[in-house]
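Take a look at the structure below.
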Amino acid sequence: MKLNTTKYKSEAILILVTLLWGGTFVIVKEALNDISSMAFIAVRFILAAIILLPFMKIKKFNNKNILAGIFLGVLLFAGFATQTVGLKYTAATKSGFLTGTAVIMVPFLQILIEKRMPTKGVIIGAIFVMIGIAFLSSGGNSIINLLEDLSTNFGLGELLTLICALFFAFYIIYLDVETSKYDFYVLLFLQIITTAVLSVLFLGIFSSTGIEPMKVNITTNLIWAVLYTSIFATLITTALQTK
Numbered sequence: 000m001k002l003n004t005t006k007y008k009s010e011a012i013l014i015l016v017t018l019l020w021g022g023t024f025v026i027v028k029e030a031l032n033d034i035s036s037m038a039f040i041a042v043r044f045i046l047a048a049i050i051l052l053p054f055m056k057i058k059k060f061n062n063k064n065i066l067a068g069i070f071l072g073v074l075l076f077a078g079f080a081t082q083t084v085g086l087k088y089t090a091a092t093k094s095g096f097l098t099g100t101a102v103i104m105v106p107f108l109q110i111l112i113e114k115r116m117p118t119k120g121v122i123i124g125a126i127f128v129m130i131g132i133a134f135l136s137s138g139g140n141s142i143i144n145l146l147e148d149l150s151t152n153f154g155l156g157e158l159l160t161l162i163c164a165l166f167f168a169f170y171i172i173y174l175d176v177e178t179s180k181y182d183f184y185v186l187l188f189l190q191i192i193t194t195a196v197l198s199v200l201f202l203g204i205f206s207s208t209g210i211e212p213m214k215v216n217i218t219t220n221l222i223w224a225v226l227y228t229s230i231f232a233t234l235i236t237t238a239l240q241t242k
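Below you can see the structure in the form of structure tokens.
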């Protein structure tokens, strides 16, 4: 009974995280009209780190959990960076669907990384989640139309978003491995602060090389986007997955 309860709890958390993330694609797409992608990620994760800081205790940090947290943070940053930059070049509906393919990738990557075969329940669950994401991403239109659009209009934005899904799939797998070893708050904080630091670093690189000039126009939409993504789609979703 306890095993089943844990299983249902994990599935409920996955659904909640998916819903919270699902609400970000249109919000972030609109926010990118007022701010460059790396600047947005930097502000988003710096705010999340500041909110979490009062809960941290220095004595809980050690070499092993620091390395684990940084590794997870690198994967998390890679996922959000490719997703956010990709959103500049593709529709929010496509971004939502392609990001959701991470759910399908996870069971197959587990075979390679953990040498563990996914159960039928996991595969069926992943398929249903993917169907649900496809339905939501279609925006009320036919799912077939969405798939046809992807097949005929697959460009840089779609490619970056598909890569983002791969990073998120790796992140989910390694997060499952590391959370059984280390303190919850330590891993959570290190992931978020690593992503914040990397986003600031790449903001400087992108700005200085001309890849993406820094842009920040403070508007009401941008403020709400930063608050929502920092609290709900960064801090809470990362905490739920790490827990």
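If you count by numbering that gives the first Met the number 0, then the sequence shown holds residues 0 to 242, one letter each, in order.
All C-beta atoms in this analysis are idealised placements derived from N, C-alpha and C, irrespective of residue type, glycine included.
Given the structure is predicted, the values throughout are model-derived calculations rather than measurements.
Would the beta-carbon of residue i fall within 9 Å of that of residue j?
i       : j       : result
Thr-237 : Phe-167 : no
Val-42  : Ser-229 : yes
Ile-26  : Ala-224 : yes
Ile-192 : Gly-72  : yes
Thr-194 : Gln-82  : no
Ile-45  : Val-215 : no
Leu-202 : Ala-38  : yes
Asn-152 : Ala-30  : no
Ile-162 : Gly-85  : yes
Leu-51  : Leu-234 : yes
Val-105 : Ala-125 : yes
Leu-186 : Asn-64  : yes
Ala-67  : Lys-28  : no
For residue i, which beta-bridge partners are listed by DSSP?
i       : result
Ile-250 : The requested residue 250 is not part of the displayed model; the chain covers only 0 to 242.
Ignore the nearest five residues each way along the sequence and tell me which others in residue i's own chain have a CB closer than 8 Å to its CB.
i       : result
Ile-222 : none
Lys-1   : Confidence is the limiting factor: at Lys-1 the pLDDT is only 42, short of 50, which leaves the residue's position unreliable and the question unanswerable from this model.
Phe-107 : Pro-117
What residues in its chain sit with their C-beta under 6 Å from that of residue i, if we drop five residues either side in the sequence?
i       : result
Ile-112 : Ile-172
Thr-100 : Ala-164
Phe-54  : Tyr-184
Tyr-88  : Leu-155, Gly-156
Ala-48  : Ile-191, Ile-192, Ala-195
Lys-56  : none
Lys-119 : none
May I ask you to report which of helix, strand or coil DSSP gives residue i?
i       : result
Tyr-88  : coil
Lys-1   : For Lys-1, the predicted model reports a pLDDT of 42, less than 50, meaning its position is unreliable and no value from the coordinates is stated.
Asn-152 : coil
Tyr-181 : coil
Lys-56  : coil
Thr-118 : coil
Thr-193 : helix
Asn-64  : helix
Ile-210 : coil
Glu-157 : helix
Thr-23  : helix
Glu-113 : coil
Thr-100 : coil
By Cβ distance, which residues of its chain are closer than 7 Å to residue i, with the 5 residues on each side in sequence left out?
i       : result
Met-116 : Ile-110
Thr-218 : Asp-33
Met-213 : Ser-35, Ala-38, Leu-202, Ser-206
contact_flag[the segment 78-97, the segment 173-189] where n(CB pairs < 8 Å) is 3 or more: no
Inter-stretch contact (C-beta, 8 Å, three-pair minimum) for the segment 184-199 and the segment 60-76: Proximity of the segment 184-199 to the segment 60-76 meets the contact definition, three or more beta-carbon pairs being nearer than 8 Å.
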